[in-house]
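Before any comments, here is the structure.
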Amino acid sequence: DQQVKQNSPSLSVQEGRISILNCDYTNSMFDYFLWYKKYPAEGPTFLISISSIKDKNEDGRFTVFLNKSAKHLSLHIVPSQPGDSAVYFCAAKTYGSGNTGKLIFGQGTTLQVKP
Amino acid sequence: NAGVTQTPKFRILKIGQSMTLQCAQDMNHNYMYWYRQDPGMGLKLIYYSVGAGITDKGEVPNGYNVSRSTTEDFPLRLELAAPSQTSVYFCASSWRGGVGGEQYFGPGTRLTVT
Numbered sequence: 019d020q021q022v023k024q025n026s027p028s029l030s031v032q033e034g035r036i037s038i039l040n041c042d043y044t045n046s047m048f049d050y051f052l053w054y055k056k057y058p059a060e061g062p063t064f065l066i067s068i069s070s071i072k073d074k075n076e077d078g079r080f081t082v083f084l085n086k087s088a089k090h091l092s093l094h095i096v097p098s099q100p101g102d103s104a105v106y107f108c109a110a111k112t113y114g115s116g117n118t119g120k121l122i123f124g125q126g127t128t129l130q131v132k133p
Numbered sequence: 020n021a022g023v024t025q026t027p028k029f030r031i032l033k034i035g036q037s038m039t040l041q042c043a044q045d046m047n048h049n050y051m052y053w054y055r056q057d058p059g060m061g062l063k064l065i066y067y068s069v070g071a072g073i074t075d076k077g078e079v080p081n082g083y084n085v086s087r088s089t090t091e092d093f094p095l096r097l098e099l100a101a102p103s104q105t106s107v108y109f110c111a112s113s114w115r116g117g118v119g120g121e122q123y124f125g126p127g128t129r130l131t132v133t
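Top to bottom, those sequences are chains A and B.
If you use the working numbering, the first sequence corresponds to residues 19 to 133, in order.
If you use the working numbering, the second sequence corresponds to residues 20 to 133, in order.
Next comes the structure, spelled out in structure tokens:
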């Protein structure tokens, strides 16, 4: 049972345009969501997060939107740069149950930003 | 400050062999995690630890074992390696489990079992 889903395996955008990466989840107990970025042959690195009490969080060129009723979140990158080309993972956790910090990851979306 | 380090970077095992994947962090984090990533898939949690001496199973623990005798180290043991354990293994750590406890990942170990 895939509790966190990223239905688009890949996305290609032109430099300077907006990149929108989507993520859906099924578990209504999730209350904290994160985006990680991964370059080849490296470990994932934390990008941005959002708590379920918010619907938007911004950090520079990166904004995450959360729609709890639709169980959907999205990551917007504006403007997109060639260095943003990487695999992006959506992840979720419930911090109410023991605070174990266990993350459930989506399958990832490969973003290619063309110069 | 090296962050999270993993050794080895690559390893090829024969079916039935055993090995230990090493993970260490120098950030004094209590929480540590082992994940595996199969091609085209997300990361799946194998085992985790919320402090020295405390470990618990994740989503896919079968065929693995862990120990946590110090805050810094969290080795993952593979007994009787099988082809299904061919994967990339990532270790991660965080300073807390709740809000704000973003996990920091090591560079990974690429394991092939033939």
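Cβ coordinates follow ideal geometry from the N, Cα and C atoms, glycine included.
Cβ shell of residue i (< 6 angstroms), same chain only, five flanking positions each side left out
| i | result |
| --- | --- |
| alanine 110 (chain A) | Val22, Tyr43, Phe48, Phe51 and Ile122 |
| tyrosine 40 (chain A) | A small fix is needed here, since residue 40 (chain A) is asparagine in this sequence, not tyrosine. These residues qualify, in order along the chain: Ser92. |
| aspartate 73 (chain A) | Leu84 |
| glutamine 122 (chain B) | Ala111 and Ser113 |
As assigned by DSSP and simplified to three states, the class of residue i
| i | result |
| --- | --- |
| aspartate 45 (chain B) | coil |
| glycine 124 (chain A) | coil |
| serine 28 (chain A) | strand |
| aspartate 75 (chain B) | strand |
| glutamine 130 (chain A) | strand |
| glycine 35 (chain B) | coil |
| serine 113 (chain B) | strand |
Closest residue to residue i among the options (Cα-Cα distance)
| i | options | result |
| --- | --- | --- |
| lysine 86 (chain A) | A:Gln99, A:Asp77, A:Ser69 and A:Ile95 | A:Ser69 |
| glutamine 25 (chain B) | B:Met46, B:Asp75 and B:Thr128 | B:Thr128 |
| methionine 51 (chain B) | B:Leu62, B:Ile73 and B:Glu78 | B:Ile73 |
| glutamine 20 (chain A) | A:Gln125, A:Gln130 and A:Lys132 | A:Gln125 |
| threonine 133 (chain B) | B:Asn84, B:Gly116 and B:Pro102 | B:Pro102 |
Residue span of the beta strand (DSSP E) that contains residue i, given as start and end
| i | result |
| --- | --- |
| glutamine 21 (chain A) | Looking at the DSSP string, glutamine 21 (chain A) is not in any beta strand (DSSP E), and its letter there is neither H nor E. |
| leucine 130 (chain B) | 128-132 |
| serine 76 (chain A) | For the sequence presented, residue 76 (chain A) should be read as glutamate rather than serine. Its beta strand (DSSP E) spans residues 74-77. |
| alanine 104 (chain A) | 104-111 |
| aspartate 42 (chain A) | 37-43 |
| glutamine 56 (chain B) | 50-56 |
| glycine 70 (chain B) | 62-70 |
| glutamine 25 (chain B) | 23-26 |
| threonine 81 (chain A) | 80-85 |
Cβ neighbours of residue i in the same chain (closer than 7 angstroms, five flanking residues each side left out)
| i | result |
| --- | --- |
| leucine 130 (chain B) | Arg30, Leu32, Gln104, Thr105, Ser106 and Tyr108 |
| alanine 21 (chain B) | Asp45 |
| alanine 71 (chain B) | Arg87, Ser88, Thr89 and Thr90 |
| proline 27 (chain B) | Thr128 |
| aspartate 57 (chain B) | Ser106 |
Own chain, CB closer than 8 angstroms to residue i, minus 5 neighbours either side, in chain order
| i | result |
| --- | --- |
| glycine 35 (chain B) | Leu99 and Ala100 |
Near-chain A residues of the stretch 105-129 of chain B - C-beta to any C-beta below 9 angstroms:
Along the stretch 105-129 of chain B, going in chain order, the ones with a CB nearer than 9 angstroms to a CB of chain A are Phe109, Cys110, Ala111, Ser113, Arg115, Gly116, Gly117, Val118, Gly119, Gly120, Glu121, Gln122, Tyr123, Phe124, Gly125, Pro126, Gly127 and Arg129.
Using Cβ-Cβ distances below 9 angstroms, what residues of the stretch 42-74 of chain B are close to chain A?
Contacts with chain A (Cβ-Cβ distance below 9 angstroms) from the stretch 42-74 of chain B involve Tyr50, Tyr52, Tyr54, Gln56, Gly59, Met60, Gly61, Leu62, Lys63, Leu64, Tyr67 and Val69, listed in chain order.
Mind checking the stretch 76-98 of chain B against chain A and listing, in chain order, the residues whose C-beta falls within less than 9 angstroms of any C-beta there?
Sequence-ordered contacts of the stretch 76-98 of chain B with chain A read Gly77 and Glu78 [C-beta pairs closer than 9 angstroms].
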